[in-house]
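Here the structure is laid out as structure tokens; the discussion comes afterwards.
In full-length UniProt numbering, the protein residues as written are 1 to 322.
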């Protein structure tokens with residue numbers, strides 16, 4: 001989907017903006033203004049790096065990615081930085097078309113059950129054409145992986161990629177999806193299992209937001225339970241689309257360590273509101289609501305890469321398994 005012009009009622013990717021406060025509107029406007037200044041920087045910086053390269057991403061690329069990839073450039077750069085471009089080049093001619101032919105007559109049973117929960121009311125995804133495209137992508141990947149059915153996480157990732165990259169780039173979306181699931185999500189799931197089993201997420205929040213962590217304990221709220229959904233959907237079902245896309249920019253280039261950084265940053269960013277007496281006993285619902293209204297993606301990413309999660313803290317809580 002081509003990036004939309006900034007409007008009062010829709011975000012960059014066509015999601016409805018409902019009852020934004022003046023502060024939220026101002027934050028989105030400033031983020032859009034700053035993104036516009038990044039376009040020329042990205043066009044002038046030609047990077048050939050792919051995750052299959054032996055060397056890590058160059059520092060100049062990492063810096064640019066942390067400042068955000070402009071929406072107009074994401075389709076091409078996500079294909080490259082995910083590893084999808086390399087997978088596509090290595091595949092035999094007509095590979096994707098062959099997968100689609102082998103899926104004829106099948107349907108993705110999880111689509112109706114989970115699809116609209118994750119992306120309600122999006123015009124592209126609620127159209128017959130959009131749903132059919134997501135179903136083709138999910139079924140093609142299921143056939144490639146040998147799975148009997150489509151996983152909910154794959155459907156959500158496919159839908160988000162269609163929104164960001166556009167319906168006209170179907171095969172590129174497939175290869176980006178494949179690279180993310182096979183080269184990113186697998187490592188992320190393994191690292192998250194270790195992270196949650198050893199209570200490292202709880203410990204990280206306690207170190208960065210001790211008062212908030214104590215409040216969670218007092219209300220018998222598990223930080224692991226709160227964050228597991230964020231991680232399993234790569235934030236696509238929780239953050240506004242523009243903010244989730246910023247997280248993906250860094251995930252594709254820097255790896256799964258970014259997921260923990262963003263999770264802790266969300267708690268830190270919204271800590272004042274969560275500590276307010278008005279949060280009351282429904283603290284978990286307040287967290288959900290606040291995260292869904294994180295429209296200042298610049299503030300979120302700056303918080304994620306503050307020095308508070310470097311040095312000794314980063315060594316102690318790192319989940320990088322690359």
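Think of the CB as a built atom: it goes at the ideal place given N, C-alpha and C, for glycine as much as any other residue.
If you're wondering where the values come from, they're calculated on a predicted model, not measured in any experiment.
| Check | Outcome |
| --- | --- |
| Run through DSSP, which three-state label would residue 159 get? | helix |
| Out of curiosity, what's the CA-to-CA distance linking residue 94 and residue 65? | 32 Å |
| Express the C-alpha separation of residue 210 and residue 296 in angstroms, rounding to a whole number. | 24 Å |
| Which runs of the alpha helix (DSSP H), 4 residues or longer, sit entirely within the region 222-290? | 223-232, 241-254, 257-269, 271-275 |
| Please state whether the Cβ-Cβ distance between residue 137 and residue 151 is less than 8 Å. | no |
| Taking the runs of the alpha helix (DSSP H) that are 4 residues or longer, which of them lie wholly in the region 45-72? | 59-67 |
| For residue 294 and residue 263, which I take to be in contact (beta-carbon distance under 8 Å), what is that distance rounded to the nearest angstrom? | 12 Å between Cβ atoms; not a contact. |
| Is residue 255 buried or exposed, if buried means 16 or more other CB atoms sit within 10 Å of its CB? | buried |
| With residue 252 and residue 82 assumed to form a contact (beta carbons below 8 Å), what rounded beta-carbon distance in angstroms separates them? | 5 Å |
| Assuming contact is defined by CB atoms lying nearer than 8 Å, are residue 85 and residue 140 in contact in what I supplied? | no |
| Let's test the definition: count the other Cβ atoms within 10 Å of the Cβ of residue 128 and tell me whether it reaches 16, buried, or not, exposed. | exposed |
| Could you say if the region 269-279 and the region 7-20 meet the contact criterion of at least three C-beta pairs nearer than 8 Å? | no |
| Give the range of the alpha helix (DSSP H) segment to which residue 128 is assigned. | 128-145 |
| Closest by CA to residue 224, which one among 131, 39, 200? | 200 |
| Who are the near neighbours of residue 246 in its chain, counting only those whose CB is closer than 6 Å to its CB and skipping five residues on each side? | 68, 297, 301 |
| Cutting at 7 Å between CB atoms, please list the residues of its own chain near residue 34, excluding the five before and the five after it. | 298 |
| With 8 Å as the threshold, decide whether the Cβ of residue 50 is near any Cβ in chain C. | Chain labels in this structure do not include chain C; a single protein chain is all it has. |
| Thinking C-alpha only, which one of 219, 132, 78, 104 is nearest residue 286? | 219 |
| According to the neighbour-count rule (16 or more other Cβ atoms, all chains shown, within 10 Å of its Cβ), is residue 172 buried or exposed? | buried |
| So, helix, strand or coil for residue 10, using DSSP? | strand |
| Output yes or no for whether 8 Å exceeds the beta carbon distance between residue 57 and residue 49. | yes |
| Please list the terminal residues of the continuous alpha helix (DSSP H) segment that includes residue 210. | 210-218 |
| Can you list, in chain order, the residues of its chain with a C-beta nearer than 6 Å to that of residue 78? Leave out the 5 residues immediately preceding and following it. | 176 |
| I think residue 87 touches residue 179, with their Cβ atoms under 8 Å apart; what is that distance to the nearest whole Å? | 6 Å |
| In the DSSP assignment, the alpha helix (DSSP H) including residue 80 goes from what residue to what residue? | 74-82 |
| Under the rule that 16 or more other beta-carbon atoms within 10 Å means buried, what is residue 281, buried or exposed? | exposed |
| By the three-class DSSP mapping on this structure, what secondary structure does residue 93 have? | coil |
| Please identify the residue among 270, 169, 120, 236 whose C-alpha is closest to the C-alpha of residue 259. | 236 |
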